[in-house]
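Worksheet: one structure, shown below.
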DNA sequence: CCGAATCCGCGCGGATACTG
DNA sequence: CAGTATCCGCGCGGATTCGG
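Chains as they are written, first to last, in our numbering: chain D, 5 to 125; chain B, 5 to 125.
Structure below.
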């Protein structure tokens with residue numbers, strides 16, 4: 005339910021740029037989407053370890069929003085200990101070109117820092 | 005554009021996605037960049053009229069940040085009344101693929117909204 | 001016409017503690 | 001392991017006023 009997961013935009017030309025940014029512009033959403041795009045499926049703590057700076061609260065929060073937007077699918081396995089897997093939905097996968105564009109630009113223009121963070125695009 | 009005016013990121017893989025988002029993820033930066041990309045050159049109030057919801061303060065602010073990042077060039081004409089033009093720098097133009105990817109996705113998946121932004125993949 | 005300065009509410013997001 | 005709950009600082013960003 006909760007159709008129209010996205011904020012309702014009174015879109016004039018170019019506003020969809022903003023609308024898209026609103027979806028993936030959360031503080032951690034970009035990386036999360038990127039990681040899920042690369043890894044296909046990840047557990048909560050796997051994701052957490054990949055984002056050393058993120059807090060549990062934020063990870064949950066961002067994942068919930070992505071889920072609410074229909075971009076991420078959450079699968080709970082009724083086991084002990086609990087096991088929850090996250091992956092991109094089909095809808096989420098349509099973002100691939102966007103994420104890759106973001107990544108490509110960043111690698112080229114910002115990524116020159118540190119010790120070259122994996123250029124394996 | 006040899007310099008890297010951006011914050012130094014301790015980038016691990018995929019972090020450049022976040023870094024890029026940090027540059028264009030400001031509340032209005034996406035639209036501003038898009039508009040400048042389309043129009044080539046725009047005066048302050050032209051830009052303002054295109055973004056009916058934006059406040060003067062925010063427009064100035066976002067433009068200053070974009071300028072500080074080296075993405076936007078600001079030209080002041082010493083006239084009366086004042087005249088200031090904004091355009092993308094060469095560096096800013098390299099963002100074109102990113103902006104277009106954002107726009108394309110938004111048009112395809114959000115632009116049709118009104119009632120149903122459903123994934124319907 | 002193009003800003004700078006000020007005031008201020010609000011919510012993002014961090015830290016910490018608790019739970020099934 | 002995978003969350004939820006609570007507290008709270010801080011800065012984003014809106015509204016308004018003043019200036020060159």
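C-beta: ideal position from N, C-alpha, C; glycine also.
Residue range of the unbroken beta strand (DSSP E) whose run includes residue i
{"i": "residue 89 (chain B)", "result": "87-92"}
Endpoints, the alpha helix (DSSP H) within which residue i is located
{"i": "residue 33 (chain D)", "result": "33-43"}
Where residue i meets chain B, residues with beta-carbon distance less than 7 Å
{"i": "residue 103 (chain D)", "result": "21"}
{"i": "residue 58 (chain D)", "result": "Ordered by position in chain B, no residue passes the 7 Å Cβ test against residue 58 (chain D), which lies about 11 Å from the chain."}
{"i": "residue 35 (chain D)", "result": "18, 19, 21 and 22"}
Which of helix, strand or coil DSSP assigns to residue i
{"i": "residue 19 (chain D)", "result": "helix"}
{"i": "residue 8 (chain B)", "result": "The predicted position of residue 8 (chain B) is uncertain, since its pLDDT is 41 and thus under 50; a value taken from the coordinates is nonetheless stated next. In the structure shown, residue 8 (chain B) sits in coil (DSSP, three-state: anything other than H, G, I, E or B)."}
Residue i: contacting residues in chain D (beta-carbon distance under 7 Å)
{"i": "residue 110 (chain B)", "result": "20, 21, 23 and 24"}
{"i": "residue 106 (chain B)", "result": "21, 24, 25 and 102"}
{"i": "residue 72 (chain B)", "result": "Those do not exist, as residue 72 (chain B) stays about 15 Å from chain D at its closest Cβ, beyond 7 Å."}
Listed by chain order, chain B residues near residue i by CB distance under 9 Å
{"i": "residue 81 (chain D)", "result": "Ordered by position in chain B, no residue passes the 9 Å Cβ test against residue 81 (chain D), which lies about 24 Å from the chain."}
Contact list for residue i against chain B, beta-carbon separation under 8 Å
{"i": "residue 39 (chain D)", "result": "18"}
Could you name each continuous alpha helix (DSSP H) segment of 4 residues or more that falls completely within the segment 52-115 of chain D, going from the start of the chain to the end? 60-72, 94-97 and 100-113
Does the count of Cβ pairs from the segment 53-65 of chain D and the segment 92-112 of chain D closer than 8 Å reach three? no
On the three-pair Cβ rule with 8 Å, is the segment 20-29 of chain B touching the segment 33-40 of chain D? yes
Okay, do the segment 91-99 of chain B and the segment 66-82 of chain B touch, 3+ Cβ pairs below 8 Å being the bar? yes
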